[in-house]
Every structure is written in C-alpha cells, then in structure tokens.
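Undergrad:
There are 8 protein chains.
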Amino acid sequence: MRCVCLDEKDLEDLLRGYKQGSVTLQDALGMLKKLPYEDMGFAMVDHHRQLRQGFPEVIYAAGKTKEQIRDIMLSLYHDGQENIIATRAEPDVYAYMKEALPDVQYNTPARMLYVERNKTVPDASREVLVLAAGTSDLPVAEEARLTAHLMGNAVRSCYDVGVAGIHRLFAHMQDIERANVIIVTAGMEGALASVVGGLTPKPVIAVPTSVGYGASFHGLSALLAMLNSCASGVAVMNIDNGFGAGALASKINHMR
Amino acid sequence: MRCVCLDEKDLEDLLRGYKQGSVTLQDALGMLKKLPYEDMGFAMVDHHRQLRQGFPEVIYAAGKTKEQIRDIMLSLYHDGQENIIATRAEPDVYAYMKEALPDVQYNTPARMLYVERNKTVPDASREVLVLAAGTSDLPVAEEARLTAHLMGNAVRSCYDVGVAGIHRLFAHMQDIERANVIIVTAGMEGALASVVGGLTPKPVIAVPTSVGYGASFHGLSALLAMLNSCASGVAVMNIDNGFGAGALASKINHMR
Amino acid sequence: MRCVCLDEKDLEDLLRGYKQGSVTLQDALGMLKKLPYEDMGFAMVDHHRQLRQGFPEVIYAAGKTKEQIRDIMLSLYHDGQENIIATRAEPDVYAYMKEALPDVQYNTPARMLYVERNKTVPDASREVLVLAAGTSDLPVAEEARLTAHLMGNAVRSCYDVGVAGIHRLFAHMQDIERANVIIVTAGMEGALASVVGGLTPKPVIAVPTSVGYGASFHGLSALLAMLNSCASGVAVMNIDNGFGAGALASKINHMR
Amino acid sequence: MRCVCLDEKDLEDLLRGYKQGSVTLQDALGMLKKLPYEDMGFAMVDHHRQLRQGFPEVIYAAGKTKEQIRDIMLSLYHDGQENIIATRAEPDVYAYMKEALPDVQYNTPARMLYVERNKTVPDASREVLVLAAGTSDLPVAEEARLTAHLMGNAVRSCYDVGVAGIHRLFAHMQDIERANVIIVTAGMEGALASVVGGLTPKPVIAVPTSVGYGASFHGLSALLAMLNSCASGVAVMNIDNGFGAGALASKINHMR
Amino acid sequence: MRCVCLDEKDLEDLLRGYKQGSVTLQDALGMLKKLPYEDMGFAMVDHHRQLRQGFPEVIYAAGKTKEQIRDIMLSLYHDGQENIIATRAEPDVYAYMKEALPDVQYNTPARMLYVERNKTVPDASREVLVLAAGTSDLPVAEEARLTAHLMGNAVRSCYDVGVAGIHRLFAHMQDIERANVIIVTAGMEGALASVVGGLTPKPVIAVPTSVGYGASFHGLSALLAMLNSCASGVAVMNIDNGFGAGALASKINHMR
Amino acid sequence: MRCVCLDEKDLEDLLRGYKQGSVTLQDALGMLKKLPYEDMGFAMVDHHRQLRQGFPEVIYAAGKTKEQIRDIMLSLYHDGQENIIATRAEPDVYAYMKEALPDVQYNTPARMLYVERNKTVPDASREVLVLAAGTSDLPVAEEARLTAHLMGNAVRSCYDVGVAGIHRLFAHMQDIERANVIIVTAGMEGALASVVGGLTPKPVIAVPTSVGYGASFHGLSALLAMLNSCASGVAVMNIDNGFGAGALASKINHMR
Amino acid sequence: MRCVCLDEKDLEDLLRGYKQGSVTLQDALGMLKKLPYEDMGFAMVDHHRQLRQGFPEVIYAAGKTKEQIRDIMLSLYHDGQENIIATRAEPDVYAYMKEALPDVQYNTPARMLYVERNKTVPDASREVLVLAAGTSDLPVAEEARLTAHLMGNAVRSCYDVGVAGIHRLFAHMQDIERANVIIVTAGMEGALASVVGGLTPKPVIAVPTSVGYGASFHGLSALLAMLNSCASGVAVMNIDNGFGAGALASKINHMR
Amino acid sequence: MRCVCLDEKDLEDLLRGYKQGSVTLQDALGMLKKLPYEDMGFAMVDHHRQLRQGFPEVIYAAGKTKEQIRDIMLSLYHDGQENIIATRAEPDVYAYMKEALPDVQYNTPARMLYVERNKTVPDASREVLVLAAGTSDLPVAEEARLTAHLMGNAVRSCYDVGVAGIHRLFAHMQDIERANVIIVTAGMEGALASVVGGLTPKPVIAVPTSVGYGASFHGLSALLAMLNSCASGVAVMNIDNGFGAGALASKINHMR
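Line by line, the protein sequences are chains W, H, Z, E, B, A, P and R. Sequential numbering of the first sequence, starting at 1, is according to our numbering. Sequential numbering of the second sequence, starting at 1001, is according to our numbering. Sequential numbering of the third sequence, starting at 2001, is according to our numbering. Sequential numbering of the fourth sequence, starting at 3001, is according to our numbering. Sequential numbering of the fifth sequence, starting at 4001, is according to our numbering. Sequential numbering of the sixth sequence, starting at 5001, is according to our numbering. Sequential numbering of the seventh sequence, starting at 6001, is according to our numbering. Sequential numbering of the eighth sequence, starting at 7001, is according to our numbering.
1) Flag this pair as touching only if the segment 5151-5165 of chain A and the segment 5198-5206 of chain A have three or more C-beta atom pairs under 8 Å; answer yes or no.
2) How big is the Cα-Cα spacing for Leu2975 of chain E and Leu76 of chain W?
3) Report the rounded CA-to-CA distance for Val1236 of chain H versus Glu1057 of chain H, giving the unit in angstroms.
4) When Cβ atoms are compared, which residues of the segment 2217-2233 of chain Z fall closer than 7 Å to chain W?
5) Indicate whether the contact test is met: 3 or more Cβ pairs, each with one atom in the segment 128-141 of chain W and one in the segment 98-106 of chain W, closer than 8 Å.
6) Just list the alpha helix (DSSP H) runs in the segment 2101-2189 of chain Z, keeping only unbroken ones of 4 residues or longer that don't cross its boundaries, in chain order.
7) Using the C-alpha atoms, what's the distance from Val2181 of chain Z back to Leu2248 of chain Z?
8) Let me see if you follow: with CB-CB separation under 9 Å, is Gly6165 of chain P close to chain B or not?
9) Is Ala4186 of chain B close to chain Z, meaning its C-beta is less than 9 Å from at least one C-beta of that chain?
10) Run the CB neighbour count on Val6163 of chain P, radius 10 Å, all protein chains shown included, and call it buried at 16 or more, exposed below.
11) Looking at the structure shown, is Pro7091 of chain R part of a helix, part of a strand, or coil, going by DSSP?
12) Below 9 Å on C-beta distance, what does Asp7240 of chain R contact in chain W?
13) Give every residue of the same chain whose Cβ lies closer than 6 Å to the Cβ of Arg3168 of chain E, excluding the five residues on either side of it in the sequence, and list them in chain order.
14) Contact criterion: CB-CB distance below 9 Å. Does Lys1202 of chain H meet it with respect to chain R?
15) For Ile4084 of chain B, name the three-state secondary structure that DSSP assigns.
16) Can you tell me the Cα-Cα spacing of Ile72 of chain W and Gly187 of chain W, whole angstroms?
17) Is the segment 3108-3125 of chain E close to the segment 3137-3146 of chain E, with three or more CB pairs under 8 Å?
18) Anyone know if the C-beta pair for Leu1215 of chain H and Glu189 of chain W falls short of 9 Å?
19) At the level of alpha carbons, what is the spacing between Asp5013 of chain A and Thr5024 of chain A?
20) Hey, is Met1237 of chain H's beta-carbon within less than 9 Å of any beta-carbon in chain W?
21) Taking the beta carbon of Ala5245 of chain A as the centre, do at least 16 other beta carbons fall within 10 Å, making it buried, or is it exposed?
22) Among H:Asn1228, H:His1218 and H:Phe1217, whose alpha-carbon lies nearest the alpha-carbon of Ser221 of chain W?
23) Is Arg7117 of chain R closer than 9 Å to Asn7083 of chain R when the C-beta atoms are compared?
24) Excluding five sequence neighbours on each side, which residues of the same chain lie with their C-beta closer than 7 Å to the C-beta of Leu224 of chain W?
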C-alpha cells in the first residue's frame, strides 16, 4: 500500500498555482477534498519520521514467506542507516537471509533476525533491566533485551530470579535500584512482577510467558496474575510478547 | 439416613448364636450378605471415631434453614463434649441460635458459629501459621484460623503481609521459621503462596480468595497462580475455602 | 503490622556502642542477625521515601470499614503534607469522612475520596492525556485523571472519542501529539487503544473497562483486544483499573 | 439421501388421476400422507433452485476423502453450468482433482478448489469490498474474496490496512465509500471492523481470524471485539470463516 | 466534543477569498493544514447525512442520567423531523421523559423510548421478518422489530417458533419465503438460526439471547451455536443486541 | 400460534369433495400445497397425542407473567384430565394461582406448581430412584422426583448420600439394585454419578447442580465431572435441570 | 488388581465349617471382618454378571500398549463367548492384534477393534436409530452404531441429515417414528438434537462432536447447545463419546 | 547467579575485626548495609540446608538443553551424597546422561532421571500411599511415587482403582487405613479424591491428570472436581504435577 502525500510545500504550490491560474478552482477543490486521507497520511509520515529517529518499521516474520522477509529487509537495509529487526523468525529464515544480506545476525532463543549498524552509544545512566523468573522464560526475556538494545538502550539482564528462591532476586537489589525501567518476564504464577513492583518506584512492564503446564493454560495463569498485581505501576503485555515490552521500555527510557 | 452397624462383638454373637442354634443358617446368611454396607458403615464409624478424636461433624450452614442448623447443633451439643462448628452462617442465624444455645459464639468476619468447650491446651511447639496477603482476605484467613484453633492447634496469624511490600512479610520471618504448617490466604495475583513456599521447608496450604476485581474473575486469578506455584510443597484449596485449609492444617499438625 | 527499622545512623550507633563496650558481642550479633528483615524494612522505607516525593500510600477503600478508612486517612493527614487518595469509596464514606476531616473532597463518578493540599504547579509541558471511548467509560477515566492530577501531573482529558466515529478522535489530534503519556479507557471492543497506539510514538496505557453487555463478559472483550493490540508500545492494566493507569502514567511522566 | 419430490404439476396429475379413477382413494391418501416431507423437499428444491441462480451446493472438503470430493465435484460438474467451489481443500487434493477434472483451479492461500465457467459479467456498480487488517489475515480474506467473485459479484480487496497505521486505511476511503457491502477480516484485536463500521452506512461483515498469539486465544480476542463493536450494522462470522462472509455478502449484494 | 467542519461551499469560499486577497497565504495554509481532521469531520458529516436519510443518532440510555437522556432527546427532537430512539431505557426514564416531551412513547419489553413522527409508508414488498424461538426471547425480538420499524421498514414478527416444536415454525413458512431479511432471536441452544438459515436464500441475522440457565452461561451457548451455524449466510450479533440486528436489517433492506 | 391441522379424515373428505365436485381443483391444490406445514402440524399433533398419553405440555414459568401462567394453566385444566405442571414458579405465583384454581398445589423447594388429578397407580415394580448428594441439592432432586411422580412413575428418593461418606450411599444399595432408572443430582465435584454408574447396569441420568462456591463456577465443576464419568451409561442434563431428568426418566421407565 | 470374592456358596461353606469345627471362631471372624470389601467385590461380580448378560468389560485402548491390549483381549476371548470391544484403537493395533487373534475385526472410521461371535438375533421391533448431522460426524456415529450393534441391538443409521437442509431429516421421519431410542451426533451448532427431540417422544441421546473450527472450540459449542436443548428428554454425553451413547442406548433399549 | 552469604561466624569475625581495628567503621557499615540480601541469602542457605537433609535441588528438565541438565546433575553429583532427581526428562536425555554419569537411572512412564545413592531405610510405619484411578494416570502416579521414594519415604501404590468399579478401591481398604499420607491421581471426573478423602482421616493430596478427552479439557474437569471435593482435608496440585505431590507428601510424612 502506498499513499501519495502532500507536505506543506505541495500545499503552498497548489494554492499559488490556483491564484496564478495554472490550477483551476475545480482541480484545486478536487484535490483538497481528497486531502483528509492524504493529509492523514502526511501526518502519519511525519509521525513515522519521528518514531524512526528511534527505530524504523519492525518485521513480524511469522506468517510471511522467506522471500517476503528478504524483500522487506533488503528494502529497509538500502533505504536507511538504522538497525533492522525481524521477530519470530525461524532458523531457516536466518540461513536464507544470510546469503542475501551477510550483515544479518540471529539470536537463537529470541528467534530474532537483526542488522545492527547504528553505533550510537546508549546513555549508560538510564538502564533498562530485564528480569526472567526462570531459565525457560529466557526466549521471551532475550527478545525483550535485544529489542531494547537495538533500539538504543543500555540493557542489563538477570535471569533465573523467580520468587520461589527470593534471595536470588534480592542479590540483584542494586540492579533493581539502578534501573530506569524494568521488564519482568515470568510464566507459571507470574509472581515476580508483583514482588519487583513493590521494590521499585520505576515503571514495571510485565510479560507473562507461556512457560508451565497444566493449569498454566499456556500463559493465562501468569497473565491474570500480572493483571491483578497488588503493586501499582505494573503494566502488562500479551503472553510471550517480549518485543512489545522491549519497544515500550525503549519509549519510556527515551523520555526526557 | 441411619445405617445399622455391626461391630466385632455383634459379629461374634452372631456366629456363636448360629453355632448354638439360636440363629438359623438362613438368618445368618441373610444378615451376612447385607454386611458389606453395614460393615462399610462399621468401618466408617470407626473412622469417624478416630477423626472425632480431633473433631466431630462440621455443619455447612449455607443452604440450611435456621431450624435445621439449630437441630443439628443441639444434637451435637448434647451427644458429645467436643467443640462444634457451623461454617458460612449469617449473623441472623447466630441471633436465633443464641437463644437456643447460650454457649454459642460467633466470629463475624469468618461467619462462623461455634461452641468452644474442649479446654485441652494445644501443643505450643507445633504452631499453625495463618498469613493473609491483604486485609480484605481476612474473612477467609479468620475462618482458617478459627477452624484450626477449635480443632486443637496453637495458631498464630499475620495479616496484611502481601508481596507488594515484601518487607512486611520478612518482618514475620521468625513466625514463618517457627511454624509447623502454614496457611496462605491471598486474592488478586496470589503471589504470597509462592514466596512463602520458597521460604520454608514446611507444608504450605494455599487458599485463593475472591478478593479483587476485573480480571481476578472472582478468585480464578489467584487460584491459577497458586496451582502454578514454582515452589514445591504448595497445595491448593478451593477459592475462599478457609475451613478446608484449617481442617487440613490440623490433620497435618496432629501427625506424629 | 509494624516493623522496627534501623537507618544508617542506628547502625553506626550500634557499631560504636559495641566497640565502646556498651553493647555486648551477643547483643550486637542478635540484633544484626535480625537485620535482614529490618534492613529490608529499612530499604523499603528508603524506597518509600523516594516514592513519597511523588505520593504517599494510597487507601483501597473497598472492603474496609468507615472507621478504618477514617483512621488511616487522619493518620496520613497528620503525618505529612502530601495529597491523600482513597479509591473505590462509596458516597456514604464521603459523608462520614467529611465530618472527621472537612478538607476532604469527593469525585462522584470516580468514587475517589481525596485531600488536595500540595499546591506545586505541575510541569505544563509534560501532559498526561486521558481518553475515554464512550461516556460510560467516564468513571474509570476520571479515576485515572484525578490520580494523575493529584500525583502532580498536568492532565488533559477528552471523552467520547471512540472509534465508531473516528473523526471525533481526529479532532483531538493536537492533544494526542502534544501528550507525553496517553491513557486510553475503553470498554466493548476496546479498539481505541490500538488506533491511538498507531498515532503516537509515546507510551500508551490501555485500561479496559467493564462497559458493555453480552459477549463483553464484564470487560474481558476489551481486555483481550488491548493485550493483542497490533500497535507496539501499548501496555495494559486490569479491567476498570483507572487508579493504576494514573499512577503508572505519573511514574513515566516524572522520568527525566 | 435422496427425497422424491412432487412439484405442483405432479400434484395436479395426482388429483386428476384420482378424479378420473386411475388413482384409487387409498393410493392418493397414502401418497398425500407422506407429502409433508416430500413437499418439504419440494419447497427445498424450489429454494435450492432459486439459490442456485446464484450458486449450487458448496463442498466443505475438510474431513472428506479425495475420492468423495472428486465424486461430488464431478457430479456437480456434469449436472450444471455453474461455478463450483470446494473449501478447505489441501494442495494434494488439487493435484488429485486436476487429473479427474482439468478445468479445476486452486487458490493456494485460500485453500479453495474451484471451477469457474459462468462468464456472466457482474454488476460493476455494486462492489463487494474485502479488507484485511494484516498480511497474515490474507488466507481468510482470499477465501471471502474468491467466494464472492465466484458467486457473481464485482469484488475489490485492500489488504494490510489495520488500525495501527490508520492512514493506510484512509488511503482507501474511496473504495470504502464506493462499496455496497464490506467484509472486514482481522485477527489480534479485530479493531478494523469497528473503525470501518463507523465510516460507512453499508453493511459490514466482520470475520475474526485466528491470527495472533498468546491472549489472542486462536481468534477469541478478535471474535469478542467484533461482537462488541460500538458501530451499529456490524455482523460477525465464525473465526476464519471467509467462505461464509463471501456467501453472505453475495446474498446481500444481489438484493434489489 | 464539537468539531468545526468545512463543507465544499466553505472550501470554495476559502479558495476564492485567497485568490481575491481577502485571505492571506498564511491563513489559507494554516486552515488547510488542519483540514484533515476537519475534512474528516466533513466526510463524517456527509456520511452522517446519508445515514440519517434512514435515521439520526440513536441514544444508548444505559449508563446515562435522566437529564442527559432528556437533553439529547430534546435536541434531536428540535433539530430534525426523523424518528428518535433511545435503547435500554428503564420505565422511570419514560415517566420522566413523558413530561418533557409528551410525544414520546415506550415499548415495555424492549425497554425502548421513541418518538415516531416520520409517516413515510415503508415498502410493503420488502419485509423484515423477526422470529423469536420462545416467549422469553420477546424483549430482544421486540427491540429488533421496533428498531426496524422506526427505521422505515415493513416488519412482521412470529414469536414462539422454536425448533423443539418445529411444526410451529413451518406454519410460518410463507412468512419466511416472503421475507427480504430475517432476524432470528433465540436463547438456550440457539438452533433456530440454523434451521431458518437452511430454509431461505435471504440474509439471516442471528441474535443470541441470554435466555436460559445453567450451561447457557448467559447466552454464550446460543452465541457459539449461531457462530457455528452450518447454514451459510447467517451473521451473528452480540448477545441480546436486538437494536443492532434491527439496524443492520434496515441497512440491508434499504439496499437497491 | 395456532396451526390448523388436517387429520386423515379431513384429507379423505377433501379428496371425496373434489371428486364429487364440491371442491374445485384450484381449492384442492391450494389446500394441498400448504399441506406440508399443516401435515407437519398434523404429525406433530399425533406425536403430541402420544406423548400426552404420558403428559401434556409443561409450563416453564420463569419469564412469564402471572396472568400468562394462569391462562395457560386454566386452559390445560379445562381441556384435559391429566396432571399439570408449571416449573420454576415463585411462591407468589402459587398464591395468585390458588385463587383461580383451588386444586393447584405447590412444592416449595422444587418451586413447582401442579395439579394432580390422574389417579392411575404407577407400576410399583419399575421404580425411578432419585439420589441427592447433599441437602443443598434437594431443590433439584425434588423437581426431578415430583416430575417423575406426576408423569406416572413410582419414585423413591434418598438424599444426602454424597461420596465423602460413601457408607451412606451403600446403606441404600438395595434401592439402587431395585431401581429401573436412577437420577443422580449432585453439585460441587459431582462424583456421585460416577460411583452410582459403576454400581448399576441401569441408565443413570446425572444432573449437575449449582451447589458450591468458588471453583464450582455455578455448577460447571459438577457438569464437567459428570460428562467425563468413567462409568459408561451415564447421561447428563443441564445444570439444575431436575425437570428434564424427571421427564427423561419417565420416558425410559415407560418403555416396554 | 485382583480381589478375592466370596459368593453365597462360599459364605455358606464358611458358616457350616465353623459350626462343624473345621473353621475356628478366630478364623471365621477374621474372614468375615474383611468381608465388606470382598463382599463388595462379590456384589460387584454379581452386578457384573448381570451386566455381562448384555456385554463384558470394554477395553479403552487409548494410552495402553499393544501388548496390554492383546493380553486383555485374549483373556476376554478365552474366558467367555460374548462379543469383545476395544475403543479408540489405532490401525497399527489392529494389524498387531490380527496376528494374535484372527477373528478380530476393525471399523476404520470408528477406530473400533472387535470380535463378533454372539449370533443372537436382536429384537427387530426395537430399533436404535443413529443420526449424524454431517459426514464429518461419521466416526462418532459409527462408534455409537457399532457399539449398540455389538451389544445386541437392531440399529439403523442415517447420516448427513443436519438441520441446515431440514428436508433431509424429514425424509427419515419414518425412521424417527419407528425408533425406540435415538442417538444424535452433531458438531458445530449441534442443533439436530433439539429438532429431533421435538419430533419424538422417545429418549434422545445427544453426542456433541469436535467437528468444526474456530468458535466450535473443539466441540464446546455443540456440547453447550445440546445441554440447553429446549426439547425435554434429551440427555448429553461427553464430546465424541460415541461408545458411551451406544452403551446407554443399549441399556435403555433392553429395558422391558 | 551467586550470592555471597555471611553465616554467623562471618558476622562475628566482622564485628571482632571492627572492634580490633582491622575493619574500619566505613567498611563495616558498607558491608552491613548490604547485609539484608546477603543475610537473606544466609537465611536461605540455612533453610536449604535443612531442606537438603531430605533432598537437594530438583532439576526441571523441560526447556533445558542436554548439556545444561548434565552440568547441573554432575555438579549435584560431585557436591553431595544425596539422591538426585530430574523431572520431565525425555528418553534421549537419559541416553546422553548415562554416558556422563553411569549411575543414573530412568523411569520411563514418569520420565524421571535419577541417581539413587542414599541407602537410608525409610520408616516403614509411615507409608505414603499413591493411588491411580486408571492405568492412563500411571505416568503421573509413578512420578509421585518415585519422588516420594527418593525423598526417603516408604511408598505403596495401587493403580486402576477408579470409582466406576468401587469394589476395586475397597479391596485396598487396608492400605488406605495404614497410610500416613495419600496421593490420589485421577483424570476424567477426578472423583477418586473425594471418595478416598471420605474414607481416611489422613491428609489427601489430589493430583488431577490430563487423562480424558472432549470435555475433560486437558485436566480442567478433574482439577475443578478435586477443588470442589466435599471431603475436607483434600489439597490439590496442578494438573499432572506428580512431582509436587510426592514432594509435599514427603514433607508431611517427615513431620514429627
């Protein structure tokens, strides 16, 4: 989909042309009547540009063919200078992509395909902390960590700090106190989000994972627990949505 | 329903009577053929007697009329010397019952009607600890506490020790270490059970409560969280089932 | 529950006392062994103090008696100079409270009881925007708005801007572009969160409301929709949790 | 199953025969007594005939053997002159079918097997518009599009116009305004149906898709959202039921 | 919320004014730059006008105060000549409204408040048929019937024609055959929609009702059944959404 | 709704009339063409008549006005000689009905209104046994018992025989062995159905009740348990559907 | 598990032995005290014997190894003269079994392994009718049909008679009227059970199948629909439980 | 993650060092300020030590690589003398592990990898009894049995004692009466837990299994049934959580 957009310059040209007679009233009217959507697009483009200062469009690889992923990735690669991300990409996509674009890298647990070329050093005083309750939550935590990293944040991660051995969490108390934004990934009972939420005044982004069995119901258990967190300031993402958490953490972390 | 039971003495009498001729083969056969159920009853009675060493039948008042509750309670009152419990009794039942049985007492938050007359001093070295995550969980916690108390246990309770302010829980670390069995009542995300389960080698009985709103879905959230506890040794009761938790804690606490 | 805390000064006194002999080795050891929890409490207090720079403890009035609410509120009133909030308070609590504390105010749709006495002018350049899809979502939106306001934020609100008449939303495009953090409250299909999430690079906090009937299942429909938002950067709160959204928005908005 | 049907002509013959004596009272009675079901069949046939002016029976291939599908398809092929559709057919069925019936075609994403032989030009002024929120919704959208096309409608489709980038939708505003009936396919939060429903006075048929993960619960999230659409005039189909949407759109589009 | 809209005339005046010099380039640009949303509003107004040829805005009374309902209703009453509808209005709202607007009428089972003043005779050859499976489904059926009637359709209704006594339905076969659009309201197992869907080539709008008990789960049972209808061409509305069904039927019935 | 039905006699008259000339071909055709539905009705009437040998139409009082219930009941009273049943009738309906029809009786727990006038003695050798797990299941059990009784069956009932005290059930072993059909009503975990299903070769009709709290989810727990009964030959009714169980038991019990 | 059972003869021997002195009082007592369970077993055996007049134990093959299935089947084969059934057996089990027991047969769609050797001619006047709504419901219908057949019933089956083409059902009206018990298997919306329930005074056993997609939720949709059937006398089995339906139908059909 | 812990000895050394001047006030303060977490660790270690008297850390193999499992297992093997358990390990992990650690054993149905080297004879008078309702529940029962065995308990198991043939259960009455703690594993309707709970005064740990099909919903049916058990003293574990049941039973069984 492509929408032809008019920026302010085009608009000015149109008005001048009409005044000078090179554009008829009818043509000007016809064009301006269609403007809402084009201007809408215009506004979007502007918005996109600003967003893009942080990061360009991200590719959701699930349900796309190798060819489609390659084409979009190459297009992003040649059009800009930013880092590029494709989430939920299987290993065979990486093998295929590697040939077309040797710069591409792959994070196996996170199933993320990416090109890292923006070498701007992130603000080390504003750390995003990614916590994972168990080692099985690692794929989701890694997706969050890598996303935040590629979007220009200093990221620290502590895995296997679930509440059943709460001393493991407390050993990371300094990391928690230092963090600017905290992402908590946890499956099963998802209790880590509440405990961390009570230990910090900073925003906590909770990501329920589908880790568990039986009555975990593929992450429902952790999702409900996190939504009902008695700690205020805990926001919740979809089950296994590490990317979303990383992107939101980056948005918050870049606020000034 | 009443089932006529034969104890060992009856059985011996029957056999002797048959040998001596006072009981015919036909009568003995007829009686013995019915035995399974009567003996079944017999076994039950035996079992009941043993159980009753701890406690007699408990009245579930919900869905019973005032008159029914009174009749059962008076029957238990006159037949034994044990404490008596009726759970889920509304205040008006207490008013009604008080007239028929002045010894009766009422715990308002727990909605428990009871007669306490067994003055045996419980073993103070074997404490049941009842924890409540928030003050709203108090009715369920009180039901558990009072049940365990009336069943002959030393009980200690700490309320409002939820995980969002985990220092409140740690201030009770000694109580946790001292306890023989721990009951955890919590609504919302029910995380307290997992944290406590990780802090103690003793059995933890988790009772989800219907405290919360929205996605707590009347206790479902806490129930699922507790079932998925990553701490081993956590067993779960039905939502708001404080009585069951107290009774189970008492069973475990009396084991030797 | 009260936990006796030791701050750094106490710790120093203890050590000096021990060196000087006024504290025995045994006593010092006994005290320090208990320290984890007290220090934990200590850390918490520290943490609380920092949090409190924004706001002190908030009272969840649901399930508390009028007397309890009054006592906590008066205690907060006399102990500090900050604004005070009690959420989910029914009108009769307000009437009762008004007598004990004439400064108290009440927001009827939000069911919030509050004392506003911190007159610090919020940073007008950092606006929290509260959007409500329909007029029925207003109670939740108002809870969010008032919470953010009392926590020291400039807040703007636009109600009845649901997606079925999307021009109503676009008429507020400037508000959306100006906002630092956006709270979206919506029931039924909860689509507003996704649309707004696509229009802004700022964090969006989505609050599903229980508005609707039939297959809205008391807010489940909006909750699921928001969790599945195809716009990245949308975080979700519990159904009807306007307070949580306001508190989180305030945390994010105060980040620098 | 086959039911012998009597049309009006048969009925008249029967009556005349009876009057003239060639049919006995007994035989006439016997036949007329069975009539309800046969007439029922008769009504059905009539109904079928009318329906068939649009389209004959459609084959639901899922759960049928290759042989069964071939036999039904060949029977329809030789009995009429209309287009033929088999939905949810896997690629290997196509290979098998192609040998038996070289005219058969296959739409891979839609998994539809079809024979197109009715060359009637559809009414171009009455367009069915098929929208898909994302590229992953394409299989469902294609099933809807092809169904409507084969049933004799002018169909236009715009894919990847989801609400998270709403300018992409507005770029198709003219298509929306021109359309006579609109089919909206969307997974995840399914918000597109509400937005489109608010932009057009025409009927909107919403098809939730199973696209998404985690709390999308295989399309439940989009289904609930669409059922709760705040835009009036939005009707909902089963999850992934593109065929049903296409068939209903065709019914509505052929109304005069 | 009010959005200032420019119609084509305003646009022409603006352009002419600019050409003639009464509007500066800067002012014209400033105005046109804001156009998207205003034009958006403009497009909406246009759309609204067309929709309104059928019917103006409908008031959803649930969750609105009597005063709010009165004000909106009076505003609609004085601004136009069309019929007015307020859905889900309780009887006391009617009593209150009757004083302010004596023309107002009330349908008790449907809980609809309305003013009927458009005396245009509907096209009798294009009937909307409203079927109700049982007498308990009548409130929803009446809401659908009255909505379709007030929106200018000839409506016929047959109640208590559920499938458990299918002869009752067949006695209305002529009504079914004559109908242009059919609305089926049914609770419990909701089977009526499938049976009717198989009897007619016309669009069927199925409205599950919350009638039933136990495993009907407040309409979920009928909702799922209708979504899974094996008859093609059945579209489903939210549980108890009679209004939506009436409005959609009217849209379809007015198509030409 | 009333459907004019033609029985075989009418049909014969019609045919003879046509032969004799008193009925024209056109009239005969017109009549016969409508026959399907009238014959359908005819078949139904026949069916009804046979069913009625057991019992006439039963009134589902929920959602009907007092006047409607009275009118239907009086109509049934004056048209036949059979017993009459109205289920789910509140006590005030009884008071109202008693004036209009002094013969009417009321079963309070079952909320059944009935007239018993058929004095046929049921076959005592074919007993329907109604079991209730707890006293709270009594309303459902009574509805089942009274229904079966009024439909002409010898009925025996044993209440409070739940599996937690299985000796209580075994004391009724002879009743179980003697029964021809067994109805089991149970809430909570609904285990009684499986135990009884394993003890008898006769059909067991299981009725889950909404008795319980928390995770009983208003009968869902018992419903699922009964559907999953490992004993073969257990059929399940809707939650709390005592009437349906009684009616089905009667159908089975009358089979010969 | 094996339980040593005493039949009446053993009991008599024991008593006589004791009287004659060959059994001591102690031994007799010891034996009789254990009797409940053994007698329980005894009762069961008796019960089993009676049940077995119809059919012996049925093997649920799912989750059993080939060897286990073979051993049980051979044991049943050599111990009796009845038909033998193993349900949910995969084709490879058949191949394996065929070698060990050449008499074994296999019904592919029903996945049933069986030995048919009881040549008793069933009572042709008492037919079990098995209906299937669609061809995809055939596996479940076949399991029901074959079970009822092997248990000694005359069985008739009509497949593909779903309600969307209700004339197909009515063409089988005579089969329905003739049947003694009717089994209805249907997936999707499961409406067939209600329609058939309204057409017959005989017991209807409804089996929801997992046929469908999307909101059929693996048979939940049909299950709920059937539980809520507005036709009385419809009992419901677990999803896809064709065996249970066949066994129950056989129990009912053999009643006299 | 590793947390450096201070035991009492370290603390004493620190204090003495400070008094003697070898540790400065600043260093002592710095160290003690960090103590909460370290002490927390300390408390944990203590707790771990005690727990470890029974058993060391257990490895949850699901989601871990072969290498990770081997490393942890070897570390546990070389660090202690206790039995070692890894749950949910697939057979290929066993093959791999066997090479690295020849002492390792594997229980196929339970999917448990273990090293048994603690030869302490368990207290035979305190038996843990593991019951399984059906043979399909065996994997879960075996996991529970082996866990309890390896944790030092005398364990007895009776499988295939489900309630549909209750005499099979009663044949094990002596085992039930002798047991100190009872674990009940059951799928489908999970009724065994309630029956056993009514037969014993000892704690019953109920483990729902995912055995079943259709409306068992992967164990939900058994889970709900067990949570709603009318027998008091029944605690519930997550679906298929045999390990948790064995560990809890061991905790209870070791209480004195």
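Cβ atoms here follow ideal geometry from the backbone N, Cα and C, with glycine treated the same way.
TA: With the structure as the only source:
1) no
2) Residue 2975 of chain E lies beyond the stretch modelled for chain E, which goes from 3001 to 3256, so this question has no answer here.
3) 23 Å
4) Leu2227, Asn2228, Ser2232 and Gly2233
5) no
6) 2138-2150, 2166-2170 and 2173-2178
7) 10 Å
8) yes
9) no
10) buried
11) helix
12) Tyr213 and Gly214
13) Val3161
14) yes
15) strand
16) 33 Å
17) yes
18) Correcting the residue type first, residue 1215 of chain H is Ala in the shown sequence and not Leu. It is not a contact, given that the beta carbons lie outside the stated cut-off.
19) 13 Å
20) no
21) buried
22) H:Asn1228
23) yes
24) none
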